[in-house]
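Structure record follows, encoded as C-alpha cells.
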Amino acid sequence: MIEPAKDARRQEKLAAFDRLLTIMDELRLNCPWDKKQTLESIRHLTIEETYELSDAILNEDLEEVKKEIGDLLLHMVFYSKIADEQGKFDVADALNAICDKLVHRHPHIYGDVEANDEEAVKANWEKIKLKEKGNKSVLGGVPKSLPAMVKAVRVQDKARGVGFDWEEKEQVWEKVEEEMQEFKNEFNIENGQQVDKKKALGEFGDLLFSLVNYARFIDIDPEEALERTNIKFIKRFQYLEKAAKAAGKDIGEMSLAEMDVYWEEAKKLK
5 MIEPAKDARR QEKLAAFDRL LTIMDELRLN CPWDKKQTLE SIRHLTIEET
55 YELSDAILNE DLEEVKKEIG DLLLHMVFYS KIADEQGKFD VADALNAICD
105 KLVHRHPHIY GDVEANDEEA VKANWEKIKL KEKGNKSVLG GVPKSLPAMV
155 KAVRVQDKAR GVGFDWEEKE QVWEKVEEEM QEFKNEFNIE NGQQVDKKKA
205 LGEFGDLLFS LVNYARFIDI DPEEALERTN IKFIKRFQYL EKAAKAAGKD
255 IGEMSLAEMD VYWEEAKKLK
C-alpha cells in the first residue's frame with residue numbers, strides 16, 4: 005500500500021509533467037522558433053543535451069544533472085508533440101510503449117521466469133529483444149552511428165547474452181597481450197622500413213577491442229575511463245599554460261623539459 009505522503013508526492017510529479025505538456029502546447033502554438041522545429045531540426049540539440057548530462061554526471065554535479073534531465077524531458081515531449089500534430093502518436097503512446105516493453109522484458113518480475121542474478125536478467129533481455137525485433141543477428145539492434153568504443157561494448161555485451169564470451173578474465177588479458185605483440189610487430193619496425201598503415205590500423209583496432217573486452221570483465225566502463233583521463237589531461241595542461249604565462253613564458257617557445265616541470269606540478273594537484 006502506498007503511504008499518503010508518497011501518494012501526495014506522486015501527484016506533484018504528475019502535476020509537474022502536466023505543466024510541461026501545457027507549456028509545450030503553448031510554445032508550439034505561439035513561439036516563432038518552437039513552431040518552426042521538426043524532428044530533424046532538434047535531433048542534434050538532443051545529442052548535445054545528452055553529452056551535457058554526461059558531463060554533469062562525471063562532474064558529480066547533481067544540480068546540473070537535474071537541469072539536464074529537464075532539458076532532455078523537454079526534448080522527449082517536443083518529439084511527441086510534433087508526432088501528435090502529424091497524427092502518428094502522442095506522449096501517452098510513447099510512455100505506454102516503454103511501460104509495455106519493460107513489463108514484457110522483465111518476465112522474472114511480471115511472469116513466471118526465474119532470473120536470480122544480473123547476468124540471467126541481461127541474457128533474458130537480449131533473447132526477448134531478438135524475438136521482438138525479428139533481427140536475423142544478435143547484433144542487429146546495435147545502432148550503426150554509435151561511437152566506436154561504445155559500439156564495441158554493446159556488441160560484446162550482446163554476444164555475451166547468448167553465451168559467446170570468454171570464461172575468465174585471465175583469458176581476456178592473454179588476448180590483450182597477444183594483440184599488443186601483433187601490433188608491436190606491425191608498428192615497431194626498427195630497420196627503417198615503412199609501416200604498413202592499413203595493417204597497423206587493423207592491429208590497433210584489434211588491440212583496442214580486446215582492451216574494451218577486458219575492461220568489461222573487470223566492470224570498468226571504457227568510455228567513462230577514457231573521458232576521465234581526458235578531463236585529467238585538460239586540467240593538467242591548462243595548469244601548465246597558466247603557470248607558464250604567470251612566469252612570463254611563451255608555451256610555444258618552451259622546451260619539453262621546461263614544460264615537464266609544470267606538468268609534474270600539475271600532477272600533484274587534486
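Quick note on the numbering used here: the sequence shown kicks off at 5 and runs consecutively. Backbone N, C-alpha and C define an ideal beta-carbon position, used for all residues, glycine too.
Identify which residue in the options has its Cα closest to the Cα of residue i.
{"i": "A247", "options": "T233, E228, E268", "result": "E268"}
{"i": "K236", "options": "K271, E89, E171", "result": "K271"}
{"i": "F221", "options": "D264, R232, D169", "result": "D169"}
{"i": "S45", "options": "L62, K17, H79", "result": "H79"}
Following the continuous alpha helix (DSSP H) through residue i, name the residue where it begins and the one where it ends.
{"i": "H79", "result": "66-89"}
{"i": "A204", "result": "201-221"}
{"i": "W170", "result": "Run containing W170: none; DSSP gives neither H nor E here."}
{"i": "L143", "result": "Careful: L143 lies outside any alpha helix (DSSP H) and carries neither H nor E."}
{"i": "H110", "result": "That residue, H110, is in no alpha helix (DSSP H); it is neither H nor E in DSSP."}
What's the gap between the Cα of residue i and the Cα of residue j?
{"i": "K146", "j": "I255", "result": "The sequence as given places Val at residue 146; Lys does not occur at that position. C-alpha separation (whole angstroms): 44 Å."}
{"i": "A204", "j": "R240", "result": "31 Å"}
{"i": "I86", "j": "T42", "result": "7 Å"}
{"i": "I238", "j": "A219", "result": "23 Å"}
{"i": "L25", "j": "E89", "result": "14 Å"}
{"i": "S141", "j": "P36", "result": "45 Å"}
{"i": "D223", "j": "G252", "result": "45 Å"}
{"i": "L244", "j": "K155", "result": "34 Å"}
{"i": "K249", "j": "Q242", "result": "11 Å"}
{"i": "D116", "j": "D11", "result": "29 Å"}
My guess is that residue i and residue j are in contact by the Cβ rule of under 8 Å, so how many angstroms apart are they, rounded?
{"i": "H112", "j": "N128", "result": "7 Å"}
{"i": "L143", "j": "V159", "result": "5 Å"}
{"i": "L211", "j": "F187", "result": "5 Å"}
{"i": "G165", "j": "K137", "result": "14 Å between Cβ atoms; not a contact."}
Any beta carbon from chain C within less than 8 Å of residue i's own beta carbon?
{"i": "G206", "result": "Given the protein chain composition of this structure (a single chain), no chain C is represented."}
Inset, instruction - Could you tell me whether the segment 28-44 touches the segment 85-103, using the rule of 3 or more Cβ pairs below 8 Å? - result: Under the Cβ criterion (8 Å, minimum of three pairs), the segment 28-44 counts as touching the segment 85-103.
Inset, instruction - Report yes or no: do three or more beta-carbon pairs, one from the segment 115-132 and one from the segment 57-73, lie closer than 8 Å? - result: Because the criterion of three Cβ pairs below 8 Å is not met, the segment 115-132 and the segment 57-73 do not touch.
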